[in-house]
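Counted the way mature numbering (1 follows the signal peptide of the UniProt record, and there is no 0) counts, the sequence shown spans residues -20 to -1, 1 to 332.
All residues carry an ideal CB built from backbone N, CA and C; glycine is no exception.
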Amino acid sequence: MKNKFLVAFLLLSLSFTACKDDKLAPIQPNAVKPTAVTEALPHDTDDPSIWINSTDASKSIIVGTDKDTDGGLYAFDLNGKILKKSIPLKRPNNVDIAYGLSINGKKVDVAVTTEREENKIRIFSLPDLAPIDNGGIPVFEGESQRDPMGVSLYTRPSDGKIFAIVGRKTGPSGSYLWQYELSGNGKFAVAKVVRKFGTYSGKKEIEAIAVDNELGYVYYCDEQAGIRKYKADPALSDNKELAFFGQKDFKADHEGIAIYKKTDSTGYILVSNQQANSFMVYPREGANGNANNHPLLAEVPTSTIECDGADVTSVNLGPKYKNGLFVAMSNGMTFHYYAWDLIQKRIDEKKK
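Okay, structure coming up:
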């Protein structure tokens, strides 16, 4: 009962704040209400990622960024309670998670975040949030335009190698994104550049990045332009853009991307329509026999305000999240959790 009152209070206060600020749109009247809202962080939430506990999925955690000069990564339980904070980080922006990075002869699950003010990526072991990167790994070395922001991890199915795809505040079209192969060197994680790619419109920035491991694609939001799609495997030496969709569907910024997997090849791509406080939903598998055709299926209004980042899983995480969990950042220094069935219901209603 206490959690229900907390959710209601936070929604009311956030709605009031949004209406009072001319720059922020109010939550839509028919917005999906969250199953839970996390405890508030000290500064500015930006991006979440879900770590699945392989021995007991009900003990899975959400790792989220607190974006400030004195920020860090925070781990939350499935009720939204803060479990742990990482060492202090200087403006961590986005975060992603991968499983089984080989470090000193052991397989380690990792969270990788961008540390913007240090021009580094930082790597932490999970679920303990211990740094394993020897102080951080510099990115975009030799470039005048650095400021790392977005990050997404690709695990190649053929050999299990893990790659970090990193975006920045601004950069040249054609090599805006840099892809790094992660590996272990003794007790520390290290990285080397293996690819530079990515068209950029020049309109705003590229922050939201997501990788579909099974299908081998990387998606990223070219803000105020659209969602771009490329092959994820650097060994293919293929930097041709496969799709550029969602160009006319958004109020302003294209933001956080999450991929819900119904099967190994079907599901949804959800993208934050930031200034509309909603998520735009596209078919993961494409449409009309074309894997790179991603027409808009639905718009789902949510309780989040100005959402930057999101993640989703279809794994059964227990009674509240039997068909998975969708988590999204919201203004107010929180993350909102939604039982997937709430989102699926809205998608089904739009498809009828």
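Item                                                                                                                            : Value
Enclosing beta strand (DSSP E) for residue 87 [first to last residue]                                                           : 86 to 95
In DSSP terms, what residue 270 is bridged to                                                                                   : 267
Exposure of residue 209, with buried meaning 16 or more beta-carbon neighbours within 10 Å                                      : buried
With 16 other Cβ atoms within 10 Å as the buried cut-off, status of residue 100                                                 : buried
Beta-carbon spacing of residue 327, residue 280 below 8 angstroms                                                               : yes
Residues sharing a beta bridge with residue 46, DSSP                                                                            : 25, 52
Residue interval of the alpha helix (DSSP H) (run including residue 176)                                                        : Run containing residue 176: none in the alpha helix (DSSP H); it sits in the beta strand (DSSP E), 168 to 177.
Limits of the alpha helix (DSSP H) - the one that residue 329 falls within                                                      : 320 to 331
Any non-hydrogen atom of the ligand HEM closer than 7 angstroms to residue 31 Cβ                                                : Ligands displayed in this structure: none; no statement on the ligand HEM is therefore possible.
Residue 20 vs residue 284 beta-carbon contact at 8 angstroms                                                                    : no
Residue 104, enclosing beta strand (DSSP E) - first and last residue                                                            : 100 to 105
Secondary structure of residue 63, DSSP reduced to three states                                                                 : strand
Any beta strand (DSSP E) of 3 or more consecutive residues that is wholly inside the segment 185 to 218                         : 186 to 192, 197 to 202, 206 to 211
Residue environment, residue 206, which counts as buried when at least 16 other CB atoms sit within 10 Å                        : buried
Which of helix, strand or coil DSSP assigns to residue 159                                                                      : strand
DSSP-derived helix/strand/coil call for residue 38                                                                              : helix
Strand pairing of residue 79, partner residues [DSSP]                                                                           : According to DSSP, which records beta bridges pairwise, residue 79 is partnered with nothing at all.
Contact belief for residue 88 with residue 76 at Cβ below 8 angstroms, rounded distance in angstroms                            : Between residue 76 and residue 88 the Cβ distance is about 15 angstroms, and since that is not below 8 angstroms, they are no contact.
Residue 330 burial status per 10 Å Cβ neighbour count (16 or more: buried)                                                      : exposed
Close-in-space but distant-in-sequence residues of the same chain around residue 189 (CB under 6 angstroms, 5 per side omitted) : 130, 132, 145, 147, 200
Boundaries of the beta strand (DSSP E) in which residue 128 is found, first to last residue                                     : 128 to 135
Own chain residues within Cβ distance below 8 angstroms of residue 167, not counting five before or after                       : 83, 84, 112
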